[in-house]
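Reviewing the structure listed below.
Protein chains: 4
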Amino acid sequence: MTDRNIRVEPIDRLAVEDQEVEIVERKGLGHPDSICDGIAESVSQALAQTYLDRVGKVLHYNTDETQLVAGNAAPAFGGGEVIEPIYLLIVGRATQEYETDDGVTHHIPTGRVALEAARDYIDAHFPELEFGTDVVVDVKLGEGSGDLQEVFGEDGATVPMANDTSFGVGHAPLTETETIVYEAERRLNGEYHETNPELGQDVKIMGKREGDEIDITVAAAMVDAYVGGIEEYTEAVEGVREFVSKVAYEHTDREVNVHVNTADDLEEGSIYLTTTGTSAEQGDDGSVGRGNRANGLITPNRSMSMEATSGKNPVNHIGKIYNLLSTRIAEAVVDEVDGIRDLRIRLLSQIGRPIDQPHVADAHVITEDGVAISDVRPEVEAIVDRELADVTDVTRSVIEGELTTF
Amino acid sequence: MTDRNIRVEPIDRLAVEDQEVEIVERKGLGHPDSICDGIAESVSQALAQTYLDRVGKVLHYNTDETQLVAGNAAPAFGGGEVIEPIYLLIVGRATQEYETDDGVTHHIPTGRVALEAARDYIDAHFPELEFGTDVVVDVKLGEGSGDLQEVFGEDGATVPMANDTSFGVGHAPLTETETIVYEAERRLNGEYHETNPELGQDVKIMGKREGDEIDITVAAAMVDAYVGGIEEYTEAVEGVREFVSKVAYEHTDREVNVHVNTADDLEEGSIYLTTTGTSAEQGDDGSVGRGNRANGLITPNRSMSMEATSGKNPVNHIGKIYNLLSTRIAEAVVDEVDGIRDLRIRLLSQIGRPIDQPHVADAHVITEDGVAISDVRPEVEAIVDRELADVTDVTRSVIEGELTTF
Amino acid sequence: MTDRNIRVEPIDRLAVEDQEVEIVERKGLGHPDSICDGIAESVSQALAQTYLDRVGKVLHYNTDETQLVAGNAAPAFGGGEVIEPIYLLIVGRATQEYETDDGVTHHIPTGRVALEAARDYIDAHFPELEFGTDVVVDVKLGEGSGDLQEVFGEDGATVPMANDTSFGVGHAPLTETETIVYEAERRLNGEYHETNPELGQDVKIMGKREGDEIDITVAAAMVDAYVGGIEEYTEAVEGVREFVSKVAYEHTDREVNVHVNTADDLEEGSIYLTTTGTSAEQGDDGSVGRGNRANGLITPNRSMSMEATSGKNPVNHIGKIYNLLSTRIAEAVVDEVDGIRDLRIRLLSQIGRPIDQPHVADAHVITEDGVAISDVRPEVEAIVDRELADVTDVTRSVIEGELTTF
Amino acid sequence: MTDRNIRVEPIDRLAVEDQEVEIVERKGLGHPDSICDGIAESVSQALAQTYLDRVGKVLHYNTDETQLVAGNAAPAFGGGEVIEPIYLLIVGRATQEYETDDGVTHHIPTGRVALEAARDYIDAHFPELEFGTDVVVDVKLGEGSGDLQEVFGEDGATVPMANDTSFGVGHAPLTETETIVYEAERRLNGEYHETNPELGQDVKIMGKREGDEIDITVAAAMVDAYVGGIEEYTEAVEGVREFVSKVAYEHTDREVNVHVNTADDLEEGSIYLTTTGTSAEQGDDGSVGRGNRANGLITPNRSMSMEATSGKNPVNHIGKIYNLLSTRIAEAVVDEVDGIRDLRIRLLSQIGRPIDQPHVADAHVITEDGVAISDVRPEVEAIVDRELADVTDVTRSVIEGELTTF
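Protein chains in written order, with my numbering: chain S, 62 to 467; chain D, 62 to 467; chain B, 62 to 467; chain U, 62 to 467.
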């Protein structure tokens, strides 16, 4: 276990739940930055899967740089239209040619794989956005350094060496405010949308807690085809407000105030109406790694990594792996060990050593009243050790789309 | 009638049918240049129709500049794949904002109209080519000069003024070789393809007649998904050869030799196999106005206009109108008047005068033996006059897709 | 000599100089189509030279597809500005990797070579157009078919085989009208511009002769920085008119009327004023092969090839070579042989045979009064034979920039 | 003062200087992400200045989305070359048309201003990178929402209203490790480069402190034209190592180990050699907001904002203003008040209120031994208040390029 350099120590701050002011944000599925994150990650999965299918291992690639240029639209009650399409450029590196041991040279259609992944992602998640006409998708995938070759293949995974000093951080459990912000968006874009097609995918939620008062501010793009007039619009807004309130009170006993589309000016007719369900249709550009962190949230009260997780190669990109793994570890610890009020896991890589042997694996803990660090240390260490040993399962989960990255 | 400056005169050369050497070429539907012509013209029709639907008249636009950048493909018997997508850039000018008399400002989604037209055109004509993934279509439509406003609207058409010195030329009847080349491609891409899906759309036909011997050379892209092996390939090639021979002998009693895919080297495995049915998938770029003239042929034995007809605005672009109209006139004359062996109609515009009053309207005629020019002059003049008077019908026919431009 | 299939025959029409109506056009250096021709040809020369310098022979490439998308400008007396830059996309194929006999693999920077050629061309010819800011130049050069390898190298040139049925046509001598149109543009963009910087490069000249009356219509873009007001503008226009008149009367005794910028409406302030000297700055798109033929003119009275000559590989592209060579032959014949009033040279390739042995080499001649075809036939045949034998000198001349293509 | 909601409180953690493990990173001037940050911010400054010059106030714009697609290069001792150019796309929104009170409509050449700013930035900072040929720069600036109009003009600045809930955070003083990382990069790219042209601009520095041992890891791109062979390369690397050591010991008494280009494998010839001085030439893409925070560092031990500061409009983008302002406040407090060991300033905006009246203005302080919070509170409050009152000076400083954003 000493190889893993695991340290379990008290954290040097208040639990976030106990801090006076807390701020949390989540950019929903249809936010321009999230669209880029989602496409970058879909392209990554599709490339990894294609490599596995064709040559039995994941080759070098990195697609963490999608750029979205906003379009122009003319939304209107009952149904408006896109005037100028959104432009989306998929950027990255991907191996296009590879010779397998049997001497066969494989040509991997990386550009087409990327475009198909983007098309499938858009078709699956954005019912009002037509691939190719509402949004033009182009791709520039260069070749990377040819000597990089990654092994995550048919014979099982090998633990790669760290080739960079990189840092990952994960937290658990989520605070009430974090839980509300995260759940509200997920459920608005899930169950709520199913019966309320007027709600677009571009839902941005900001949570602010001061003491015991929580303000949840929602910016929710409405889809014009399902909104006949101003009254229907205000009903749609109220529907979102009520739903988010309901979700919130499932997770807290504190006072919660929900505000939806506060920038609207009904008299001026200035409302958040869209044709496609995303502000990318009109003036809001986006790119990868500018929004949610790997746990789906932006949490200034907590340590965050700058790493853009989406689109990175899950076989050997330490930043991606460590951010996802530290979050997974934190969740596992809190799930399995009693008495933990706040936990931060930090993993720091060591260049030239296998990634399951980090330079530092810190577990900073705040225990609940009556629980000492020493009470939980052995269990925590064991879980950290176990999860580090299973690091390649993060890679597998990412390729199979079981882990979200934004 | 004098306003129309119609002249009927003998031509100063042999009838093309009587010349010793004749060369004719047609780039078929799926040739990269023809793909561009077809999309440019589809975009033009869609814009014209959109303007008519929304503001009751055709506004200023011009979309005669589509550029195709070839992709990369790996065809294989039984089905290969596109490796790198084709890139297609629609270029031109189109009015995006227009205020109707009732004070309403209309925003015309010119970019989206263009993309939808391209998508529909590709879907309709290229079953093996998937819009958005096999071919990325982007669009750059700027605004043109704002003061140009065209009238072809609900109250009927006004004859516009010529704003340029431009020239159109049309011929009739087609020679035997021309007829064979034209018909062979049309019917290969029509009835033959219906029962022979292995034949792609990229069919290029070159006809050469020396004296009474006609050589027809066909380059026909085969679609790999329908070709299981080299034998099926040679059968497919032979099928095309036989069909073209059959078509040829419907139009001539001369000796005809048909050659198909002569560049093939079966032993080297170098054959004309494609995944999508067009050479645009692998190395052949294309653009508008580089292939067939308005009558669907390239005929070095005849006068040709350099004008790129496809994509131009059919309301006021004189080059487009005069090339289509002169062809229409030539065909009408030959259809209605007996005794004409060869006919060339030339129209030259006069800046500042209505386009139904050309500066010159030449009909150069070769009559059959025993027929004098003076015998046919009155009839020819009358038809030229009638068709010029009906010039705006060319515009209507183009917008409604009744006239082909390439 | 029989290998060359040379035929010298009477032409079956009037000399163009004797026809009743003649039309000639030249798109000057700064016309959007000519800009594309010029850049495509510059890129071609630079690539050929780079291949020669690095691997000792010209490799496979083809760059005949530049696309220009017009910008937006706000010209103003004394100096306006470009509002939106012109966009120019260089398209084609070029070999990027090549292994020489010594086993060294060379990486040819085709994209950068193309961009540098475009920059140098723009800097040399368009003093008012700044590369990179007034005009954004991008490049998409794919790889062509790898098995094509061309030999035009250090050990001297080999005559390549024809791999396509292609056709070239050349004419001489130029008529008076043709000469005037050609010379006027060349000299306006040469000596005249040197002392008259107010004249932009976008000079388009249309010549029309009816009987003995010649109309020369010039559209000349003026550069705003050198034009202080409406009076200076009219002086500039008058200057061009006088210069063109002078040039014209050096070549004809016929009556010549010169019209410059006839579309101007001085009262409305609608004049042909530009910031950069080309209409590409405002709404006029362009592409390769849409303008002048290989001899620099558009001549509907003569046979023309549809081939886009600029940008094609001069080693093995038969269309390019035969169009340039037939023009060169025609000029040589007229230069060396007395008594020829009009001459058309046509070369038709024969697939699979060396290109110095065409399928047909026609010299169609109109002799002057008192000269019989048989008088000139031997001399003409000898010159055609000589020039065909020297076909690879066309390649050399093109690479070294001695031959113009538009 | 109560309007400003200023709170001065103890921080709930150890001073970063006292924490056991500290990690700091700086992506230098030539890192692909920093190139994008730098260009985005230059474009922003140029647009702001252009608006001020032409219409007397800063209009709506936002240019925080530059995307860089890496090129391909073949570095070689003594001078290699760029094979495929870098592609850089400037993305954003900018007002192109504006009517001043005198009824004059101004057309702002936003695209050209952006391109010129990019050119000037590249020319000024990257001597080995040629604008337009080594790097193709394109621009897509759409119009934003037209009703947004900003006032920062000739009559002095107005304090704008917050239109978003946004958050800024600043820290002071820098720790020793932070100082070393920051200073080392700045001075390598400054004084060191002046006499050592072999050092490229792409210098990435990672600092790690464990207890009292500091590791500084530098990845420094060397420029091939100035490196004649492997010995010169190792000398160049050693030169950087010595210089950074020297800089480090100016700021600490702790033990410092400096590692430069540790990924090199000299025997394999795998070294960090470039032609242009940046890894963007070969495989490393980049975009805005993915690298350094507003204070020039990435500091996982401290609270960070996800906000991409570079390229944002400094008149009314609260995220940008508050991040820069909080840093400025922190620095001012530490500069003027004795006894502060660590300070974090957080500003949270209040929608609908002037931005000099934040919802929260937190100063979290760690005092030095023997100093109580109450001792410094009045001074700190006064400085926070003073700087908030002067918020529009941040805008001015940004426009005039006095403040760096990355």
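Beta carbons: idealized from backbone N, C-alpha and C, even for Gly.
- Here residue 336/U is near residue 134/U, since their CB atoms are less than 8 Å apart.
- In terms of beta-carbon proximity, residue 222/U stays away from the interface with chain S, with every pair separated by 8 Å or more.
- By the Cβ test, the segment 103 to 117 of chain S is not in contact with the segment 353 to 365 of chain S, since fewer than three Cβ pairs between them sit closer than 8 Å.
- The beta carbon of residue 315/D is closer than 8 Å to those of 237, 270, 273, 274, 275 in its chain, skipping five residues each way along the sequence.
- Identification of chain S residues near residue 75/U by a Cβ-Cβ cut-off of 7 Å yields 73, ordered along the chain.
- When the Cα atoms are used, residue 93/S and residue 252/S turn out to be separated by approximately 22 Å.
- The Cβ atoms of residue 404/S and residue 424/S lie closer than 8 Å to each other.
- Residue pairing from DSSP places residue 128/U in a beta bridge opposite 150/U, 348/U.
- Bridge partners of residue 270/U according to DSSP: 83/U, 275/U.
- In the three-state scheme derived from DSSP, where H, G and I count as helix and E and B as strand, residue 386/B is classed as helix.
- Residue contact check for residue 154/D against chain B: a CB pair falls below 8 Å.
- Annotation: Cβ neighbours of residue 201/D in chain B (cutoff 8 Å, chain order): 130, 148.
- Residue 422/S and residue 328/S have their C-alpha atoms spaced approximately 56 Å apart.
- In the three-state reduction of the DSSP assignment, residue 248/U falls in the helix class.
- The count of Cβ pairs closer than 8 Å, one atom from the segment 359 to 371 of chain B and one from the segment 431 to 445 of chain D, stays below three, leaving the stretches out of contact.
- When CB distances to chain U are screened at a threshold of 9 Å, not a single residue of the segment 93 to 107 of chain B falls below it.
- Rounded to whole angstroms, the separation of the alpha carbons of residue 139/S and residue 124/S is 38 Å.
- Residue 127/B and residue 283/D have their alpha carbons spaced roughly 29 Å apart.
- The alpha carbon of residue 369/S has as its nearest neighbour, out of 80/U, 350/U, 379/U, the alpha carbon of 350/U.
- Listed as beta-bridge partners of residue 198/D by DSSP are 149/D.
- Following the DSSP letters along the chain, one finds residue 363/S in no alpha helix (DSSP H), marked with neither H nor E.
- At a cut-off of 8 Å, the C-beta of residue 285/U has no neighbouring C-beta in chain S.
- Note that the segment 242 to 262 of chain B touches the segment 285 to 304 of chain B; at least 3 beta-carbon pairs, one per stretch, sit closer than 8 Å.
- Sequence-distant Cβ neighbours of residue 77/U in its own chain, meaning closer than 7 Å and more than five residues away, are 83, 236, 362, 363, 403.
- Identification of chain S residues near residue 334/D by a Cβ-Cβ cut-off of 8 Å yields none; the smallest Cβ-Cβ distance measures about 15 Å.
- Note on geometry: alpha-carbon atoms of residue 259/S and residue 176/D lie some 26 Å from one another.
- For residue 71/U, the enclosing beta strand (DSSP E) has its first and last residue at 67 to 71.
- Along the segment 250 to 272 of chain D, going in chain order, the ones with a CB nearer than 9 Å to a CB of chain B are 267, 269, 271.
- The C-alpha of residue 88/S is placed about 15 Å away from the C-alpha of residue 187/S.
- At least one C-beta of chain U is nearer than 8 Å to the C-beta of residue 409/S.
- Inter-segment contact for the segment 184 to 199 of chain S and the segment 373 to 392 of chain S is absent: fewer than three beta-carbon pairs are separated by less than 8 Å.
- Taking residue 173/D as the centre and dropping the five residues before and after it, the same chain places no C-beta closer than 8 Å to its C-beta.
- Within the segment 146 to 190 of chain S, the runs of alpha helix (DSSP H) at least 4 residues long that lie entirely inside it are, in chain order, 171 to 186.
- Residue 109/S has a beta carbon lying at 8 Å or more from every beta carbon in chain D.
- In this structure, DSSP gives residue 314/B a state outside helix and strand, which the three-state scheme calls coil.
- Between residue 340/U and chain S, the shortest Cβ-Cβ separation is not below 8 Å.
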